[in-house]
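Let me begin by presenting the structure, written as structure tokens, before commenting on it.
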Amino acid sequence: MMQYDYYACQQECLSEDDCLPTLEEAVVELERAKSRRDRDARQEAEPKVESSAKKAVEIEPHLSYLWYESQSNNCKNNIRDVWQKNLTTQQIPEFFQFTPNPKDLEQLPQLSFILKVPFVLKKPYLSKDDRAFHILDNPVHKDKVFQTPMVAPSSWKGALQSAMIQQFVEWSCSLDERDSRIYLKQFVATRISLARIFGTEKNVQTKDENFQSYLDHLGNDHLSRWYRRYIQRKISSTGFFSGRLYFYPTFFDRISLEVINPHDRKKGTGKNPILIESVPIGATGEFVILYVPFGKVDEIQVAQDLELVAKGVEAMLRVYGFGAKTSSGFGVVDIKEKIGFAIRADWPELKKIQISSEQAEFLNSDGSLKQDFLNDDGTLKSESQYKKFLQRQNQPHNPTLYKKVKKWYKENQERFESSSDLITSQTFNNLSQLSDRANQIIQNLGKSQ
């Protein structure tokens, strides 16, 4: 209701400023000049049209456009043209903390973990907003307060769940021997992991003997009963439970327009191009998830979930995509920066670090930064502080080396901020490295039991 009150107020502002009547008069003048082929009059009318349209767009572009659209008035095109030229987005202020930090894991149960994946869009991101008033029929989804393009947590959950189920189906269909005991155990174990991660499976009840869900058809009645029995005995007697994975929104700092031009099947030509609001190629974002186990926690289960999630996230971001029109290639990304991971556990396998010959100049053998570059409180020395330190040691300053150190420190800063011994923080070049480490942890835990 407040949204309609807002637009009613904006309509009054448009009326008080007389920008719409002024625009209509300027458009009439321009049309007359065109019909008379009067170049001077046309050049005089065009700035008036643009100025009036710009004023209306500054007050409320969507309401101005829809006002003329309802009257079938061509002034709507002037509003849209000015809006397109000035298409910008507002960034979320930095002091709003929407995502958790490794330190927050101290307040959460043992074996909780955070995964942060920074990415760059390789193809545009499309989605559908639910606002009532907009110039386009296909606006991208935005935050309601700042109008910043975003991927909602629910969208991330749906995209990841879909990608992981597709991986599961591809794995199942690729096997020749689907009746072996190893396959049957793995099938049920993976389905249980998916339920543990995302929560109650849609259209599945533990006491239901009518096996009609998609994954029921993928397996057989015996596997469906096995799955339901485990859920009822080990996870929830009612069959209803929440997942362990929590998703956070991703905000973008850029916005653009895509043009789709449907072609006539007979003539092979397009007549009515459709504008679709999008987040363009090259926009950056960060995918963030929090995993919180509850009830009786099994360390091997968590490691299995981690391996499954790491593989699923990589497939979603780089293969299947997220958002709308993913089948046409939209919504896929490149991962060019370090991936951040932190868990409330002491897993030595995560601490294994490969140090290149270049990094050996400023890193110790355990992957920590050499003390020469750090202050007493563990923070990085400024370049001037580092210069003074070298002067006292009678050593020359290497600006290129300091730049490398500063870049490395920025990428690994969360490891320094997370000082608790209970929390293991690490960065990875790609998600495959993380899934390989998780697999190694599973094997080592299995040997120790």
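Numbering-wise, the sequence shown is residues 878 to 1326 according to our numbering.
Where a beta carbon is used, it is the ideal one built from N, C-alpha and C, also for glycine.
In this text the structure is predicted, and so the values were computed from the model without any measurement.
Cα-Cα separation between residue i and residue j, rounded to whole angstroms
{"i": "glutamate 893", "j": "arginine 914", "result": "34 Å"}
{"i": "glutamine 1310", "j": "glutamine 1044", "result": "18 Å"}
{"i": "glutamine 871", "j": "tryptophan 1103", "result": "Outside the modelled stretch of the chain, which goes from 878 to 1326, sits residue 871, for which no answer is possible."}
{"i": "valine 1169", "j": "arginine 1121", "result": "5 Å"}
{"i": "valine 1196", "j": "glutamine 961", "result": "31 Å"}
{"i": "serine 1261", "j": "threonine 1304", "result": "28 Å"}
{"i": "lysine 1021", "j": "cysteine 896", "result": "27 Å"}
{"i": "glutamate 901", "j": "cysteine 952", "result": "7 Å"}
{"i": "lysine 1005", "j": "phenylalanine 1023", "result": "17 Å"}
{"i": "lysine 1146", "j": "isoleucine 1137", "result": "Inspection of the sequence shows that residue 1146 is occupied by threonine rather than by lysine. Threonine 1146 and isoleucine 1137: Cα-Cα distance of roughly 12 Å."}
{"i": "glutamine 987", "j": "aspartate 981", "result": "12 Å"}
{"i": "serine 1259", "j": "proline 1273", "result": "16 Å"}
{"i": "isoleucine 1132", "j": "glutamine 968", "result": "11 Å"}
{"i": "proline 1139", "j": "lysine 911", "result": "31 Å"}
Per-residue DSSP class, three states only, for residue i
{"i": "tyrosine 1123", "result": "strand"}
{"i": "glutamine 887", "result": "helix"}
{"i": "aspartate 1211", "result": "strand"}
{"i": "phenylalanine 1266", "result": "helix"}
{"i": "glutamate 1235", "result": "coil"}
{"i": "isoleucine 991", "result": "strand"}
{"i": "glutamate 1163", "result": "strand"}
{"i": "glycine 1035", "result": "helix"}
{"i": "glycine 1206", "result": "coil"}
{"i": "isoleucine 1318", "result": "helix"}
{"i": "leucine 1052", "result": "coil"}
{"i": "proline 977", "result": "coil"}
{"i": "leucine 1278", "result": "helix"}
{"i": "proline 924", "result": "helix"}
Beta-carbon spacing of residue i, residue j below 9 Å
{"i": "valine 1186", "j": "threonine 1127", "result": "no"}
{"i": "lysine 925", "j": "glutamate 937", "result": "no"}
{"i": "leucine 1308", "j": "glutamate 983", "result": "no"}
{"i": "lysine 1281", "j": "glutamate 1235", "result": "yes"}
{"i": "phenylalanine 1124", "j": "glycine 1076", "result": "no"}
{"i": "glutamine 888", "j": "alanine 1066", "result": "no"}
{"i": "glycine 1208", "j": "proline 1001", "result": "yes"}
{"i": "leucine 1194", "j": "valine 1210", "result": "yes"}
{"i": "alanine 1222", "j": "threonine 1115", "result": "no"}
{"i": "phenylalanine 1010", "j": "histidine 939", "result": "yes"}
Buried or exposed (CB count within 10 angstroms, at least 16 for buried), residue i
{"i": "tryptophan 1224", "result": "buried"}
{"i": "alanine 1201", "result": "buried"}
{"i": "asparagine 1080", "result": "exposed"}
{"i": "tyrosine 1091", "result": "exposed"}
{"i": "tryptophan 1048", "result": "exposed"}
{"i": "lysine 1019", "result": "buried"}
{"i": "glycine 1096", "result": "buried"}
{"i": "leucine 1052", "result": "exposed"}
{"i": "arginine 1068", "result": "buried"}
{"i": "arginine 1008", "result": "exposed"}
{"i": "cysteine 890", "result": "exposed"}
{"i": "threonine 1277", "result": "exposed"}
{"i": "phenylalanine 1171", "result": "exposed"}
{"i": "phenylalanine 1199", "result": "buried"}
{"i": "leucine 1167", "result": "buried"}
Indicate whether the contact test is met: 3 or more Cβ pairs, each with one atom in the segment 988-1003 and one in the segment 1144-1163, closer than 8 Å.
-> These segments touch.
For the 8 Å Cβ check, are there 3 or more pairs between the segment 1299-1315 and the segment 1183-1203?
-> Here the segment 1299-1315 makes contact with the segment 1183-1203; the two share three or more CB pairs at distances below 8 Å.
So, do the segment 1147-1156 and the segment 1105-1121 have three or more beta carbon pairs nearer to each other than 8 Å?
-> Three or more Cβ pairs closer than 8 Å define a contact, and the segment 1147-1156 falls short of that threshold against the segment 1105-1121.
Could you tell me whether the segment 918-933 touches the segment 957-967, where touching means 3 or more Cβ pairs closer than 8 Å?
-> As far as the Cβ criterion goes, the segment 918-933 touches the segment 957-967, which means the pair count is three or higher.
Is the segment 1206-1221 touching the segment 1237-1253, taking contact as three or more C-beta pairs under 8 Å?
-> No, the segment 1206-1221 does not touch the segment 1237-1253.
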